[in-house]
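Using numbering that gives the first Met the number 0, the final residue of the sequence shown is 739, and nothing's skipped along the way. The beta-carbon is built from N, C-alpha and C at its ideal position, and this holds for glycine as well. Each remark here refers to the structure printed beneath this line.
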Amino acid sequence: MATFLYKLGRLAFRRRHFVALIWVALLAVAGIGAASAPSAGNSSFSIPGTEAQKAFDLLEQRFPGQSADGATARVVFKAPDGEKMTDADNKATVLKTVDELSDGSEVTSVADPYEGNTVSEDGTIAYTSVTYDVSGMELEEAGKEALEDAAQQARDAGLTVEIGGDALQAVPETGSTEIIGIAVAAVVLVITFGSLVAAGLPLLTALIGVGIGVSSITALASALELGSTTSILAMMIGLAVGIDYALFIVSRYRAELAEGREREEAAGRAVGTAGSAVVFAGLTVVIALVGLAVVNIPMLTKMGVAAAGTVAIAVLIALTMVPALLGYAGRRVKPAGAKSKFLGGARAERDQRQDKPNMGTRWARFVVRRPVAVLLLGIVGLGAAAVPAGSLELGLGDDGSQPTSTTQRRAYDLLSEGFGPGFNGPLMVVVDAKGSDDAQGAFTEVSDEIKKLDGVVTVTPAAPNKAGDTATITVIPDSKPSSVETEDLVHGIRDAGADVEADTGAQTLVTGSTAMNIDVSEKLNDALIPYLVLVVGLAFLLLIVVFRSILVPLKAALGFLLSVLAALGAVVAVFQWGWLSGLLGVEETGPVMSMMPIFMVGVVFGLAMDYEVFLVTRMREAYVHGERPSEAIVTGFKHGARVVTAAAVIMMAVFAGFIGSSESMVKMIGFGLAIAVFFDAFVVRMAIVPAVLALLGKRAWWLPKWLDRALPNVDVEGEGLKTLSDGRKDPDEDKELARA
Numbered sequence: 000m001a002t003f004l005y006k007l008g009r010l011a012f013r014r015r016h017f018v019a020l021i022w023v024a025l026l027a028v029a030g031i032g033a034a035s036a037p038s039a040g041n042s043s044f045s046i047p048g049t050e051a052q053k054a055f056d057l058l059e060q061r062f063p064g065q066s067a068d069g070a071t072a073r074v075v076f077k078a079p080d081g082e083k084m085t086d087a088d089n090k091a092t093v094l095k096t097v098d099e100l101s102d103g104s105e106v107t108s109v110a111d112p113y114e115g116n117t118v119s120e121d122g123t124i125a126y127t128s129v130t131y132d133v134s135g136m137e138l139e140e141a142g143k144e145a146l147e148d149a150a151q152q153a154r155d156a157g158l159t160v161e162i163g164g165d166a167l168q169a170v171p172e173t174g175s176t177e178i179i180g181i182a183v184a185a186v187v188l189v190i191t192f193g194s195l196v197a198a199g200l201p202l203l204t205a206l207i208g209v210g211i212g213v214s215s216i217t218a219l220a221s222a223l224e225l226g227s228t229t230s231i232l233a234m235m236i237g238l239a240v241g242i243d244y245a246l247f248i249v250s251r252y253r254a255e256l257a258e259g260r261e262r263e264e265a266a267g268r269a270v271g272t273a274g275s276a277v278v279f280a281g282l283t284v285v286i287a288l289v290g291l292a293v294v295n296i297p298m299l300t301k302m303g304v305a306a307a308g309t310v311a312i313a314v315l316i317a318l319t320m321v322p323a324l325l326g327y328a329g330r331r332v333k334p335a336g337a338k339s340k341f342l343g344g345a346r347a348e349r350d351q352r353q354d355k356p357n358m359g360t361r362w363a364r365f366v367v368r369r370p371v372a373v374l375l376l377g378i379v380g381l382g383a384a385a386v387p388a389g390s391l392e393l394g395l396g397d398d399g400s401q402p403t404s405t406t407q408r409r410a411y412d413l414l415s416e417g418f419g420p421g422f423n424g425p426l427m428v429v430v431d432a433k434g435s436d437d438a439q440g441a442f443t444e445v446s447d448e449i450k451k452l453d454g455v456v457t458v459t460p461a462a463p464n465k466a467g468d469t470a471t472i473t474v475i476p477d478s479k480p481s482s483v484e485t486e487d488l489v490h491g492i493r494d495a496g497a498d499v500e501a502d503t504g505a506q507t508l509v510t511g512s513t514a515m516n517i518d519v520s521e522k523l524n525d526a527l528i529p530y531l532v533l534v535v536g537l538a539f540l541l542l543i544v545v546f547r548s549i550l551v552p553l554k555a556a557l558g559f560l561l562s563v564l565a566a567l568g569a570v571v572a573v574f575q576w577g578w579l580s581g582l583l584g585v586e587e588t589g590p591v592m593s594m595m596p597i598f599m600v601g602v603v604f605g606l607a608m609d610y611e612v613f614l615v616t617r618m619r620e621a622y623v624h625g626e627r628p629s630e631a632i633v634t635g636f637k638h639g640a641r642v643v644t645a646a647a648v649i650m651m652a653v654f655a656g657f658i659g660s661s662e663s664m665v666k667m668i669g670f671g672l673a674i675a676v677f678f679d680a681f682v683v684r685m686a687i688v689p690a691v692l693a694l695l696g697k698r699a700w701w702l703p704k705w706l707d708r709a710l711p712n713v714d715v716e717g718e719g720l721k722t723l724s725d726g727r728k729d730p731d732e733d734k735e736l737a738r739a
């Protein structure tokens, strides 16, 4: 591995014009494809294997032409104080609004509140339901403007009018904090390298990689039904790993220059050593992201595969584009410790002159002297952070989780006020009586059984299809959609349906957004353990090959579990309990997004292994070259701690930049990943890992002889490069380098 990458790095350095041209051409092609591709619609949110999805598919089949996946809007009216919606003037205003809403080309139906009896008992609140033949993301701007204009005219007439549903759904915005995150990354790079040119290389290559990845996703979004969140996630992870991977190679390149090697040789050795770590770190991230397919939720699978593709591009760019740009930079990228007007280089030079151990060396020596105290402190600290995770409540966001400043949230609150909290989460019961001798009798029996259940406010009469073999029944709970009581009611209806099926042969299915949310949460919970076994198992085997050890990968996996639990605890504290919610712009607290735990497990595991590979491979390299275990720990920190710290700060800055997103899911993911990187990089990898290795000593690198013989030798530590020419430059040959 090291020898192949060494040759690849030298080739990219020599043929830099050709390499740069290829990547620029790929960026141009992806950009053209994105610009000419049709706009992406809303990604289909299907959950194969769940009862809610089966019911939805049955509705599509038995009630054709009803656009079950079309957008909906609930226009909610409230009369002024002292008036009612049944008053003549208010009724005339509502009916006029209904007529205006019916004129849209994409509108399939608009319900009359007075004929449909959708006026509250006290007469103060009424609503009309508007359905469309396209999804919310596909709805034309003219249709959205017509909806808002009709509502505004009713407001001008004196009514309070709010709009709920997904008709006004918009593409999420990430906000200016994303740019701030990149700016912070740039500052950290300048401090780390002490050079604007060296600092600019990781940023440039990361932006090129993300540009290719996101443009490709945009170009394929319509064909593959990729949602808008997919490209944001790919950008988030692609930026973070792209900067980090380039950072490690540039840092190793400068270290090789400091040892006196020629620039082409230094580029080759940097790619051969640090590049090997980049390859395996990237593989762990890709495994974790692609492994999300095991959950069998198409949207989650697409998000994972798209982000994994962006990570793969980041790895390839780090191995080829970075050495090519180093060739263009020439002497403007200085050796590590060289004099620079910037803080990083000046400090490194001063430490070198004074022969003073750097911060990483001093910290490693401290940990080696007191491993038990450091280990206990790290575990207790992460354990304390993980405590809130015990109160984790899962759910999928609805209009009730929107900020109170949005019209969707205000419509939600008005409906709760006028019709009860359960009105915002109606349950749709689908009765399939195709195999029953008495379809109408089955419909009636299902309705009667549901009415007997606790927590039911309203059960509408069965509405059969034209064939008369399938009917829908709407059930209004007396509890809000995200409550435990509503979940119990869903299970109660399904249990009652099983009894009816035994009597009549008619199958009863429960669907609707509330039932779908419940099924998604259960499906994600059921998939968490198999996903952990698959991803951690594959990565464990990969790390055995990389480190040629059993205990080092085991320690890495256990450390990851600590960091992810602590990160989940922080997410619960902020987004569920409301701690620091004002500071982070969290306007509404509530259940944590259902897919957050399994998503964090996947992404955080991949990123955690990044730092494990980068830091411990340097220790492994020192150990293989003859140092004692304790000395190898210090050497690894001497060369890697500063760069790993910079990489972690950069990754945290990039992730934190997405906290400013208007999409609550993106905001939660950005915060969760940022805090997880903090816990994993600074507590687990910088404290717990060296403490455990110090306690294990030589046992840390133990591997059974039979397994050692069976494993392929990937040579991550670059042992094979010893047989190559040393490549140290002659001072008299500096003129040619100056022209490079």
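Residues bridged to residue i [DSSP beta-bridge criterion]
| i | result |
| --- | --- |
| F76 | A125, V160 |
| T92 | The partner list for T92 (beta bridge, DSSP) is empty, contrary to what the question assumes. |
| Y131 | V106 |
| P387 | P387 pairs with nothing; no bridge assigned. |
| M592 | G394 |
6 Å CB neighbourhood of residue i in its chain, flanking five on each side removed
| i | result |
| --- | --- |
| V321 | T204, A245, I248 |
| A287 | V534, G601, F604, G605 |
| K637 | G359, T360 |
| N464 | R61, F62 |
| V445 | V430, V499, T507 |
| L232 | M302, A306 |
| G30 | S214 |
C-alpha gap between residue i and residue j, whole angstroms
| i | j | result |
| --- | --- | --- |
| A673 | G237 | 14 Å |
| M608 | V602 | 10 Å |
| A476 | S482 | Sequence inspection shows Pro at residue 476; the Ala mentioned does not correspond to that position. Cα to Cα, the separation comes out at about 10 Å. |
| D86 | Q52 | 42 Å |
| N712 | G164 | 57 Å |
| H741 | I632 | No answer is possible for residue 741: it lies beyond the span of the chain, which begins at 0 and ends at 739. |
| A125 | V118 | 4 Å |
| K522 | V294 | 8 Å |
| N516 | L94 | 34 Å |
| S660 | L318 | 32 Å |
| L393 | L146 | 33 Å |
| L695 | A645 | 28 Å |
| T510 | V455 | 16 Å |
| G343 | L560 | Only weak support is given to the placement of G343: the predicted model assigns it a pLDDT of 45, under 50, and the value that follows is read from those uncertain coordinates. Near 34 Å, if we compare the C-alpha coordinates of L560 and G343. |
| P47 | L223 | 17 Å |
| A103 | G142 | The sequence shown places Gly at residue 103, rather than the Ala named in the question. Answer to the nearest angstrom: the Cα atoms are 6 Å apart. |
| I162 | G290 | 39 Å |
| F341 | I178 | Caution is warranted here: a pLDDT of 46 is assigned to F341, below 50, making its placement in the model unreliable, and the coordinate value is therefore given only provisionally. The straight-line gap from Cα to Cα measures roughly 23 Å. |
| D502 | A461 | 18 Å |
| A153 | A91 | 10 Å |
Range of the contiguous alpha helix (DSSP H) that encloses residue i
| i | result |
| --- | --- |
| S275 | 262-289 |
| S520 | 512-546 |
| G209 | Looking at the sequence provided, one finds Val at residue 209 rather than Gly. From DSSP, the alpha helix (DSSP H) with V209 extends over 195-223. |
| T443 | 438-450 |
| Y752 | Nothing in the structure corresponds to residue 752, since the chain is present only between 0 and 739. |
Terminal residues of the beta strand (DSSP E) in which residue i lies
| i | result |
| --- | --- |
| P476 | 469-476 |
| M595 | Looking at the DSSP string, M595 is not in any beta strand (DSSP E); the run it does join, the alpha helix (DSSP H), is 595-623. |
| S740 | No answer is possible for residue 740: the residues shown for the chain start at 0 and end at 739. |
| M427 | 426-431 |
| G108 | In the sequence as displayed, the identity of residue 108 is Ser instead of Gly. Residues 106-109. |
| T799 | Residue 799 is absent from the model: the chain starts at 0 and stops at 739. |
Own chain partners of residue i with C-beta closer than 7 Å, once the 5 adjacent residues on each side are dropped
| i | result |
| --- | --- |
| K451 | none |
| M651 | A673, V676, F677 |
| P529 | V293 |
| A149 | T96, E99, L100 |
| L702 | R547, S548, I549 |
Proximity test, residue i beta-carbon vs the ligand SAM heavy atom, cut-off 7 Å
| i | result |
| --- | --- |
| G589 | No copy of the ligand SAM appears in this structure; indeed no ligand is present at all. |
Other residues of its chain near residue i: CB distance less than 8 Å, five sequence neighbours each side excluded
| i | result |
| --- | --- |
| A385 | L561, L564, A565, L567, G568 |
| R364 | P356, V633 |
Item to check | alpha helix (DSSP H) runs wholly inside the region 624-695, at least 4 long, in chain order | outcome: 628-655, 663-677, 688-695
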